[in-house]
C-alpha cells in the first residue's frame, strides 16, 4: 500500500505558458500532501503543504501566485506553475501522508523543462 | 541553515559488506527521523524510520540507530547488495510534520 502517482512524468512547455501537475494517492486517503522541488545534485526542498479543502501553506520564498496548489479531494492535489520561465525548470515531486502517520510517501516526480 | 546534514556525499562498499550512512541534525525539536532511497529521476522510496523515544529500529537488512545526545543517526545496511546502489536521504521532522532533508549520500555497492 501507500502508492502515489504523478502525471505527467515529464513536460516541456514554452516560456509564459502554464503547466499543471497532478498528484494522486492511489490506495489510501491522504490527509496531507506536500510539494517538493529538487535541483540537480541537491536535496529536496519543500515548497508547500496542503490539506484537503483548505489553502496550502507555502514555505518562505515560494511565490504562491506562481505555484498554485489545489487539494480538491483526499486523493488528489494539483500544482500549477503559472507563466513558467526557464528558471522554473526542475524536478517536482509530491508526497502524501495518511492518517496520523509521520511517513511521507512520494510520487515518481515530474521533470519540467521550460524553453 | 542546514538543519540536517549528510557530510559524506558518496560511499563505496563491496557487496556483502556493511554500508553505514551517517546523518547529523541540529534542531532539538525533531522527534522523528526517516531514511529514503532515491534513484535518478524518481521519487524517494521510504526505507525505515525511528522515533526519538527509541535508539534503534531494525527492518530486515536495514537498521537505523539514533544517538539523541549527539544529534546523530545512522543507517546500517547489511549485507549490502548491488541493488542498494542509490542516493540515500535522511530526513527529520518535528511535530508539524514537515520533512527536512539532508543533502543525500550516493551509495555504490560493488559486485
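Protein chains in written order, with this note's numbering: chain C, 188 to 302; chain Y, 63 to 173. C-beta: ideal position from N, C-alpha, C; glycine also. Just so you know, these numbers come straight off a predicted model, no measurement behind them.
Does residue i have its Cβ less than 8 Å from a Cβ in chain Y?
i                     : result
residue 245 (chain C) : no
residue 294 (chain C) : yes
residue 216 (chain C) : no
residue 262 (chain C) : no
residue 280 (chain C) : yes
Mind listing the chain Y neighbours of residue i? Cutoff is C-beta to C-beta under 8 Å, in chain order.
i                     : result
residue 284 (chain C) : 159
residue 298 (chain C) : 103
What does a CB cutoff of less than 7 Å around residue i pick up in its chain, not counting 5 residues either side in sequence?
i                     : result
residue 280 (chain C) : 223, 225, 231, 293, 294 and 296
residue 109 (chain Y) : 97, 98, 99 and 124
residue 143 (chain Y) : 77 and 171
residue 242 (chain C) : none
Run through chain C and tell me which residues come within less than 8 Å of residue i, C-beta to C-beta.
i                     : result
residue 155 (chain Y) : 289
residue 165 (chain Y) : 229 and 230
Residue i versus chain C: which residues are under 9 Å apart at the beta carbon?
i                     : result
residue 111 (chain Y) : 289 and 290
residue 108 (chain Y) : 189, 290, 291, 292 and 293
Does the CB of residue i have a neighbour CB from chain C at under 8 Å?
i                     : result
residue 151 (chain Y) : yes
residue 96 (chain Y)  : yes
Near residue i, what residues of its chain come up, given a Cβ to Cβ distance below 6 Å and the 5 sequence neighbours on each side ignored?
i                     : result
residue 91 (chain Y)  : 156
residue 78 (chain Y)  : 141
residue 129 (chain Y) : none
If you drop the 5 nearest sequence neighbours on each side, which residues of the same chain put their C-beta closer than 8 Å to that of residue i?
i                     : result
residue 233 (chain C) : 221, 222, 223 and 246
residue 276 (chain C) : 299, 300 and 301
residue 269 (chain C) : 205, 252, 253, 254 and 255
Which chain Y residues sit within Cβ distance under 9 Å of residue i?
i                     : result
residue 163 (chain C) : The structure shown has nothing for residue 163 (chain C), since chain C only spans 188 to 302.
> Are at least three pairs of beta-carbons, each pair with one atom in the segment 196-215 of chain C and one in the segment 136-146 of chain Y, less than 8 Å apart?
Replying inline: no
> Quick check: the segment 143-162 of chain Y against the segment 90-99 of chain Y, are there 3 or more CB pairs under 8 Å?
Replying inline: yes
> Just by C-beta distance, which residues in the segment 226-243 of chain C are closer than 9 Å to chain Y?
Replying inline: 228, 229, 230, 231, 232, 233 and 236
>> For the structure I just gave you, are there three or more beta carbon pairs, one from the segment 67-77 of chain Y and one from the segment 281-297 of chain C, closer than 8 Å?
In response: no
>> Can you pull out the residues from the segment 201-214 of chain C whose beta carbon lies closer than 8 Å to at least one beta carbon of chain Y?
In response: none
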